[in-house]
Amino acid sequence: MKIEEHQERKVAVDGWEVNLTSYRLGAEWHAKADNVSPGATLCRTTGASREDAEEKALKRAEELLDRTKRHTV
Amino acid sequence: MAEYAHPEALVSTEWVNQHGVDPKVRVVEVDVDTKAYNEAHVPGAIAWAWNTQLCDTVRRDILSQQQFEALMSASGIAADTTLVIYGDNNNWFAAWAFWQAKIYGHKDVRLMNGGRKKWLSEGRDVSTDTPHAAAAEYRAQAADLSLRAFLPQVQEASARHSAALVDVRSPQEFTGEILAPAGLPETCQRGGHIPGARSIPWGRAANDDGTFRPADELRALYGKEGIDGSKPVIAYCRIGERSSHTWFVLKYLLGFDNVTNYDGSWTEWGNLVGAPVERGAAV
Chain A
0 MKIEEHQERK VAVDGWEVNL TSYRLGAEWH AKADNVSPGA TLCRTTGASR
50 EDAEEKALKR AEELLDRTKR HTV
Chain B
0 MAEYAHPEAL VSTEWVNQHG VDPKVRVVEV DVDTKAYNEA HVPGAIAWAW
50 NTQLCDTVRR DILSQQQFEA LMSASGIAAD TTLVIYGDNN NWFAAWAFWQ
100 AKIYGHKDVR LMNGGRKKWL SEGRDVSTDT PHAAAAEYRA QAADLSLRAF
150 LPQVQEASAR HSAALVDVRS PQEFTGEILA PAGLPETCQR GGHIPGARSI
200 PWGRAANDDG TFRPADELRA LYGKEGIDGS KPVIAYCRIG ERSSHTWFVL
250 KYLLGFDNVT NYDGSWTEWG NLVGAPVERG AAV
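Protein chains in written order, with numbering that gives the first Met the number 0: chain A, 0 to 72; chain B, 0 to 282.
Following this line, the structure appears as structure tokens:
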């Protein structure tokens with residue numbers, strides 16, 4: 000078994016830079032969203048297509064990033 | 000181009016492809032996201048969960064010597080096994096596992112350069128099988144605490160500049176703008192950094208493909224912040240795994256003698272009553 004059609008790109012979500020990775024494993028598509036800085040995984044999703052998996056990942060990433068409080072320094 | 004000080008501490012994905020299932024080699028995946036292994040992993044690899052198998056689950060601590068021996072034995076690892084560790088997030092918790100293996104004296108432990116990310120992006124074979132590891136009899140050495148920093152050492156380093164403090168978190172965590180990586184729960188009462196620390200985010204030591212940057216570039220990166228191996232170095236982050244990555248870079252790639260990982264990190268310092276905190280950018 001191999002990972003196929005691996006793709007990675009940066010997108011802005013809720014003011015944060017997110018690294019979005021997606022690929023196909025067998026018949027299933029997988030997506031993963033990381034915050035670019037510091038590089039922590041936010042979520043991992045699956046779907047019937049790349050678009051489906053990525054959409055779920057971005058939605059979940061947005062929910063998580065929305066909770067991040069910015070404090071006054 | 001200068002070589003790493005200890006090139007034997009790294010293996011390439013191709014090396015793992017060639018040798019991953021050799022009888023004297025054990026490949027272990029250690030991820031931040033402990034579900035990643037089940038999705039797909041390097042064929043023949045087993046998994047360790049950082050939050051249940053690489054720490055004491057009752058008190059906050061790394062594994063005891065006995066716990067480490069039990070983990071290694073159950074994983075079929077003997078004293079002469081080549082232990083190859085890799086994981087997600089550019090080997091954050093793989094480096095954490097490497098650090099503990101060195102604390103307990105395992106001789107031949109290596110990181111797979113580029114980690115899970117590089118293996119997947121190269122389109123290499125993956126598996127969903129969980130291999131059975133025949134139990135071994137493992138005896139660890141007493142903990143080498145010269146690799147680990149505790150709070151009193153960090154307090155002294157901050158107050159007396161007896162060691163250089165390297166904060167490897169994101170710039171926004173360093174300044175205090177956010178209290179945890181964006182999207183993750185806040186785990187401290189105060190934001191900012193340990194007074195005197197230099198901000199050198201761990202990711203600056205990595206290439207886009209997850210591999211470590213060349214030795215010359217790493218030396219320049221840390222050197223311009225005054226981290227050149229001439230005095231002890233203490234690396235810290237939030238819970239100690241990102242700083243394990245930097246600890247590995249400084250100790251094994253650049254060869255600095257006296258480097259410790261402060262695994263108490265910001266979740267200890269940022270919750271400590273009365274601890275001095277600096278906010279804003281490094282001066």
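Quick reminder that beta carbons are idealized off the backbone N, C-alpha and C, glycines included. Computed from a predicted structure; not experimentally measured.
Would you mind stating whether residue i and residue j have Cβ atoms separated by less than 9 Å?
i               : j               : result
valine 12/A     : glutamate 50/A  : no
leucine 64/A    : asparagine 34/A : yes
glutamate 216/B : glycine 190/B   : no
alanine 94/B    : isoleucine 84/B : yes
glycine 75/B    : valine 31/B     : no
valine 20/B     : proline 42/B    : yes
alanine 28/B    : threonine 127/B : Here residue 28/B turns out to be glutamate, not alanine, going by the sequence shown. Not a contact, by the Cβ cut-off of 9 Å.
arginine 237/B  : arginine 168/B  : yes
histidine 192/B : asparagine 89/B : no
lysine 101/B    : aspartate 143/B : yes
serine 157/B    : glycine 195/B   : yes
glycine 104/B   : glycine 209/B   : no
arginine 66/A   : glycine 182/B   : yes
alanine 4/B     : tyrosine 251/B  : yes
tyrosine 221/B  : valine 153/B    : no
leucine 249/B   : valine 276/B    : no
alanine 139/B   : glutamine 17/B  : no
By the 10 Å Cβ neighbour count, where 16 or more other Cβ atoms means buried, how is residue i classified, buried or exposed?
i                : result
alanine 47/A     : exposed
glycine 25/A     : exposed
methionine 0/A   : exposed
arginine 159/B   : exposed
lysine 9/A       : exposed
proline 6/B      : exposed
glycine 13/B     : For the sequence presented, residue 13/B should be read as glutamate rather than glycine. Per the 10 Å Cβ criterion, exposed.
valine 272/B     : exposed
glutamine 66/B   : buried
proline 151/B    : exposed
glutamate 176/B  : buried
aspartate 166/B  : buried
asparagine 270/B : exposed
arginine 25/B    : buried
lysine 116/B     : buried
alanine 205/B    : buried
proline 37/A     : buried
serine 161/B     : exposed
Locate the beta strand (DSSP E) running through residue i, then write down its first and last residues.
i                : result
tryptophan 28/A  : 27 to 34
arginine 43/A    : 40 to 46
tryptophan 15/A  : 15 to 24
leucine 110/B    : 108 to 111
glutamine 171/B  : Note, glutamine 171/B: premise wrong, no beta strand (DSSP E); alpha helix (DSSP H) at 170 to 174.
asparagine 260/B : 258 to 260
threonine 33/B   : Neither: threonine 33/B is in no beta strand (DSSP E) and is coded neither H nor E.
glutamate 28/B   : 24 to 28
Distance, Cα to Cα, residue i vs residue j?
i               : j                   : result
alanine 69/B    : tyrosine 137/B      : 7 Å
threonine 259/B : proline 130/B       : 34 Å
lysine 34/B     : threonine 80/B      : 26 Å
glutamate 4/A   : alanine 30/A        : 12 Å
alanine 46/B    : alanine 32/A        : 22 Å
glutamate 267/B : alanine 148/B       : 12 Å
arginine 218/B  : glutamate 27/A      : 43 Å
threonine 186/B : leucine 178/B       : 7 Å
glycine 239/B   : phenylalanine 97/B  : 12 Å
alanine 134/B   : methionine 71/B     : 9 Å
threonine 44/A  : glutamate 155/B     : 45 Å
alanine 163/B   : serine 264/B        : 14 Å
glutamate 53/A  : threonine 40/A      : 14 Å
threonine 174/B : lysine 23/B         : 46 Å
valine 72/A     : arginine 278/B      : 6 Å
lysine 223/B    : serine 229/B        : 13 Å
tryptophan 49/B : phenylalanine 247/B : 17 Å
Looking at the unbroken alpha helix (DSSP H) that takes in residue i, where does it start and where does it end?
i                : result
histidine 5/B    : Unbroken run through histidine 5/B: none, as it is neither H nor E.
methionine 71/B  : 64 to 73
glycine 114/B    : 114 to 120
isoleucine 238/B : Where isoleucine 238/B is concerned, there is no enclosing alpha helix (DSSP H), given that its DSSP letter is neither H nor E.
glutamate 13/B   : 12 to 18
tyrosine 221/B   : 214 to 222
Residues of chain A with CB closer than 7 Å to the CB of residue i, please, in chain order.
i               : result
asparagine 37/B : Chain A residues near asparagine 37/B: none, gap ~10 Å exceeds 7 Å.
aspartate 87/B  : Thr40
Report the neighbours of residue i on chain A: residues whose CB is nearer than 8 Å to its CB, in chain order.
i               : result
aspartate 124/B : Met0, Lys1
proline 200/B   : Ser36, Pro37
Name the chain B residues whose beta carbon is nearer than 7 Å to that of residue i?
i            : result
leucine 64/A : Ala181, Gly182
Residues of chain A with a CB under 9 Å from the CB of residue i: which are they?
i                : result
glycine 269/B    : Those within 9 Å of glycine 269/B in chain A number zero; the least Cβ separation is about 12 Å.
isoleucine 177/B : Thr67, Lys68, Arg69, His70
glycine 190/B    : His70, Val72
Listing by chain order, which chain B residues have their CB less than 9 Å from the CB of residue i?
i               : result
arginine 23/A   : The contacting residues do not exist; arginine 23/A stays about 11 Å from chain B at best.
tryptophan 15/A : Ala181, Gly182
Which chain B residues sit within Cβ distance under 8 Å of residue i?
i             : result
arginine 43/A : Asp32, Lys34, Ala35, Glu38
alanine 60/A  : Gly182
Taking 8 Å as the cut-off, is the C-beta of residue i nearer than that to any heavy atom in the ligand SAM?
i             : result
arginine 23/A : The ligand content of the structure shown is nil, which means the ligand SAM is not present either.
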